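Participant: Top line first, the protein sequences correspond to chains A and B. 133 is the number of the first residue of the first sequence in our numbering; add one for each residue after it. 8 is the number of the first residue of the second sequence in our numbering; add one for each residue after it. We put the beta carbon where it would ideally sit given N, CA and C, even for glycine. These numbers come from a predicted model, not from an experiment. Could you have a look at this structure, given as structure tokens, before my questions?
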Amino acid sequence: MAFAAFATTTSEAEQVPRRKSPVALLLLLPGILYLVLFFLTPLVSLLLTSFQAPSEFGDIGQYTYAFRWENYVQVVTDYLPHILRSFGFALIATVLALVFSYPLAYFIGVTARRWPLAQSLMLVLVIAPFFISFLLRTLAWKQILSDESFIITSLKAVALMAPDAHFTGTPAAVIFGLTYNFIPFMTLPLYTTLERLDLRYLEAASDLYAHPVEVFRKVTIPLSMPGIVAGTLLTFIPAAGDYVNASRDFLGGPDSQMIGNVIEANFLVLQNYPAAAALSIILMSVILIIVSIYVKRAGTEELL
Amino acid sequence: MKLSLGRWLLPVYAVLALLFLMVPIVYTFIFSFNDSQKSNITWRGFTLDKWLNVCNVQNGAVCEAFGNSLIIGAVATVAATALGTMIAIAIVRYRFRFRSGVSLLLFLPMATPEVVLGAGLAAQFLSVGVPKDMVTIILAHTMFCISFVVVTVKARVASLDPALEEAGRDLYGSPGQVFLRITFPLLLPGILAAALLSFALSFDDFIITNFNSGAVTTFPKYIYISASRGIPAEANVVASAVFILALVIVVSAQVSAAARAKRLAKSG
């Protein structure tokens, strides 16, 4: 999958080719033009929309171009809990997915090296969730973990859960859903780096009397850093903007709505386009800031 | 002695982790055989009925949504694969100005949350006055697939030996002949992988689609809309069938690749 390819590009230094030719321009132009038209200009129109004011005589959903920066103050005061929740949920889900995926990726990429077929079949199982609709997977969990389900009634029977407690509709359920849905995005890049891990480094460290824990902390982890960075980004970014898991018809409830839910509601239901646009710009800016600081600190700057 | 527990811990964990990943898939599959009425929540007994009459529920709404998803996926895949492959060749083969700008423009769509991509395009279509329908969905899907195509095909172009094309030119092949008979066949596995990925991304996309679809229903959108009033078992049938098909394609590709590697190892 491309996510594996994405992880690969982090470690291979790119060589700039020598050849210069007008052919390059012909090859680049259509695709680049397409991205300018359908990626870059939409971002600009999002920015313009975020400053729009309601038109004086218009109906609901009619806006005119203005420079109403108060829109931003308004959405932050209205939706601060949603904004904070999104980044909090995404952060927790990313950490959980990393803890879940690392041993799994290590087993597939290092321990199972001797059996290439088993290795590739296990990888197929890791990406298998991609083959079934994201929304149906999430709904399946909603049913499996509903109040009447076998798992929840058993937990209540052995008093591990209070009799009147719920799981679906809570923040924990949303975090669970985000973690489950983005695990493959974490496991694949981790696998790609661990699969190429030179085991002689680990041997050398233990020959020098390093404790296994120390070997792991000082050799294995630093060598798998490109995979960790790619995996955490591929999990954190979509998780922060997701609104399916937190939707009330899926795993969310009234106190677990995220920024994506508010953007969707403002854009598609309330027709408050400026508010939806301002929230989108905030979401994107915060993510770009977090990503650039994180990538710099993790020391892998050649992401693409 | 000390290692015996440690030796088993990791494999056991890996098996349990993989089983955990399978749970909702198995659930969806089992409930495609449920003899359900309106909503498909409680088990009411086994039936093959839903598999045999997929298109008969709600005037074929499930199948219509599925058909839309197939059309959108096919068109967006062809467009994104063509545009992305051209960019990938240019990046690996040629020197040009604004190289880092081009790289950034390709990286950003992958680093932007889908809800922002979706809302941005919707805001643009709104301000230009374009009605939202199948075309706007295809335009949106092509956009987010291009970067993934470039990343996938780039690796393949980079591993291509330029000497092969040089040999073609030395034998008086025209640039068109060299491309069609040497470059393109050698790039084909990478291009096919990119196309499969694009199709998968497009087929399962909900967030961007939801902002740009207007009244058109795709398969994921159908599920989202029906989630509040119960999803018919027919949706599980469609999803399970797609799952099995995808699994067969990927597993047979892996097994044949492993067999080929074994043959090569023996002969070499």
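Would B:Ser259 pass as an interface residue toward chain A - the criterion being a Cβ-Cβ separation below 8 angstroms?
Facilitator: No, its Cβ sits nowhere closer than 8 angstroms to a Cβ of chain A.
Participant: List, in order along the chain, the chain A residues whose C-beta lies closer than 9 angstroms to that of B:Met29?
Facilitator: By Cβ distance, chain A contributes Leu257, Ala260, Pro261.
Participant: Ends of the alpha helix (DSSP H) at A:His214?
Facilitator: Element bounds for A:His214: 202-241.
Participant: When you check each C-beta in the segment 243-268 of chain B against every C-beta of chain A, which residues fall closer than 8 angstroms?
Facilitator: Residues Asn243, Ala246, Ser247, Val249, Phe250, Ala253, Leu254, Val257, Val258, Gln261, Val262, Ala264, Ala265, Ala268.
Participant: So with CB distances below 8 angstroms, who are the chain A contacts of B:Ile96?
Facilitator: By Cβ distance, chain A contributes Leu159.
Participant: Do A:Ala229 and A:Thr455 have their beta-carbon atoms positioned less than 8 angstroms apart in this structure?
Facilitator: This structure cannot speak to residue 455 of chain A, because chain A is shown only from 133 to 436.
Participant: If you count every other CB in all the chains shown that lies within 10 Å of the CB of B:Lys228, and 16 or more means buried, which is it?
Facilitator: By the 10 Å Cβ count, B:Lys228 comes out buried.
Participant: For A:Phe266, does the three-state DSSP call read helix, strand or coil?
Facilitator: Helix at A:Phe266.
Participant: Please list, in chain order, all residues of the same chain as A:Val347 whose beta carbon is under 8 angstroms from its beta carbon, the five residues on each side excluded.
Facilitator: Hits under 8 angstroms: Leu334, Ala337, Ser338.
Participant: Which class does B:Thr54 belong to by DSSP, given the choice of helix, strand or coil?
Facilitator: Three-state result, B:Thr54: coil.
Participant: Let's test the definition: count the other Cβ atoms within 10 Å of the Cβ of A:Leu411 and tell me whether it reaches 16, buried, or not, exposed.
Facilitator: A:Leu411 comes out buried.
Participant: State yes or no: is the beta carbon of B:Lys9 nearer than 8 angstroms to at least one beta carbon in chain A?
Facilitator: Because B:Lys9 sits at a pLDDT of 47, beneath the cut-off of 50, its placement in the model cannot be relied upon, and the following sentence gives the value as read from the coordinates. Cβ-Cβ to chain A under 8 angstroms: no for B:Lys9.
Participant: When the Cα of B:Val109 is compared with those of B:Ala68, B:Ile153, B:Ser134, which residue comes out closest?
Facilitator: Taking only the C-alpha atoms, the option nearest B:Val109 is B:Ile153.
Participant: Could you tell me the boundaries of the alpha helix (DSSP H) in which B:Pro182 lies?
Facilitator: Segment 182-185, the alpha helix (DSSP H) holding B:Pro182.
Participant: Do you know offhand how far A:Thr352's Cα is from A:Trp201's?
Facilitator: Taking the straight line joining both Cα atoms gives about 48 angstroms.
Participant: Would you list, in chain order, the members of the segment 215-234 of chain B that have their beta-carbon closer than 8 angstroms to a beta-carbon of chain C?
Facilitator: No chain C appears in the structure shown, which is made up of the protein chains A and B.
Participant: Could you check if A:Ala244 is buried or exposed, using at least 16 other CB atoms within 10 Å of its CB as the buried criterion?
Facilitator: The residue in question, A:Ala244, is buried, as its Cβ has 16 or more Cβ neighbours within 10 Å.
Participant: Are the beta-carbon atoms belonging to A:Pro406 and A:Gln184 less than 8 angstroms from one another?
Facilitator: Their beta carbons are under 8 angstroms apart, which means A:Pro406 touches A:Gln184 by this criterion.
Participant: Our contact map puts B:Lys139 next to B:Asn219 with C-beta atoms below 8 angstroms; I'd like the distance itself, whole angstroms only.
Facilitator: B:Lys139 to B:Asn219, Cβ: 6 angstroms. Contact.
Participant: Relative to the C-alpha of B:Phe213, which candidate in A:Gln403, A:His343, A:Thr270, A:Thr285 has its C-alpha closest?
Facilitator: For the residues A:Gln403, A:His343, A:Thr270, A:Thr285, the minimum Cα distance to B:Phe213 belongs to A:Thr270.
Participant: A:Gln275 and B:Ile32 - do their beta-carbons sit closer together than 8 angstroms?
Facilitator: No, these two residues do not count as a Cβ contact at 8 angstroms.
Participant: Would you please verify whether the beta carbon of B:Arg102 is less than 8 angstroms from any beta carbon of chain A?
Facilitator: It does; some Cβ of chain A falls within 8 angstroms.
Participant: Buried or exposed for A:Trp273, going by 16 or more other Cβ atoms inside 10 Å?
Facilitator: So A:Trp273 counts as buried.
Participant: Hey, how far is the Cα of B:Ile189 from the Cα of B:Pro182?
Facilitator: Cα-Cα distance, rounded: 10 angstroms.
Participant: Determine the DSSP secondary structure at B:Asn47, reduced to helix, strand or coil.
Facilitator: Looking at B:Asn47 - three-state DSSP - the assignment turns out to be coil, as it is neither helix nor strand.
Participant: When the Cα atoms are used, what is the spatial distance from B:Gly125 to B:Ala83?
Facilitator: Rounded to the nearest angstrom, the two C-alpha atoms are 16 angstroms apart.
Participant: Rounded C-beta distance between A:Pro321 and A:Gly359? I'm assuming under 8 angstroms.
Facilitator: So it is a contact: roughly 5 angstroms between Cβ atoms.
Participant: Is it buried or exposed, A:Gln251, if we count other Cβ atoms within 10 angstroms and call 16 or more buried?
Facilitator: Classification for A:Gln251: buried.
Participant: Check for me: the alpha helix (DSSP H) holding B:Ile234 runs from which residue to which?
Facilitator: Going by the sequence as given, residue 234 of chain B is Ala instead of Ile. Run containing B:Ala234: none; DSSP gives neither H nor E here.
Participant: What are the uninterrupted segments assigned as alpha helix (DSSP H) that are 4 or more residues long and contained completely in the segment 77-138 of chain B, given in chain order?
Facilitator: DSSP runs (the alpha helix (DSSP H)) wholly in the segment 77-138 of chain B: 106-118, 121-135.
Participant: Tell me whether A:Pro186 sits in a helix, a strand or coil according to DSSP, three-state version.
Facilitator: Three-state DSSP puts A:Pro186 in a strand.
Participant: Taking Cβ to Cβ, would you say B:Val123 is nearer than 8 angstroms to A:Gly220?
Facilitator: In this structure, A:Gly220 does not lie closer than 8 angstroms to B:Val123 by Cβ.
Participant: State the CB to CB distance for the pair A:Leu415 and A:Ile391, rounded to an integer number of angstroms; the pair is presumed to be in contact (CB under 8 angstroms).
Facilitator: With a Cβ gap of about 6 angstroms, A:Leu415 and A:Ile391 count as contacting.
Participant: B:Met141 and B:Val223 look like a contact to me (Cβ under 8 angstroms); what is the Cβ gap, rounded to whole Å?
Facilitator: 5 angstroms between Cβ atoms; contact.
Participant: Who does B:Asn217 pair with in a DSSP beta bridge?
Facilitator: Per DSSP, none; premise fails for B:Asn217.
Participant: Taking the continuous alpha helix (DSSP H) assigned at A:Asn313, which residues delimit it?
Facilitator: Run containing A:Asn313: 303-327, per the alpha helix (DSSP H) assignment.
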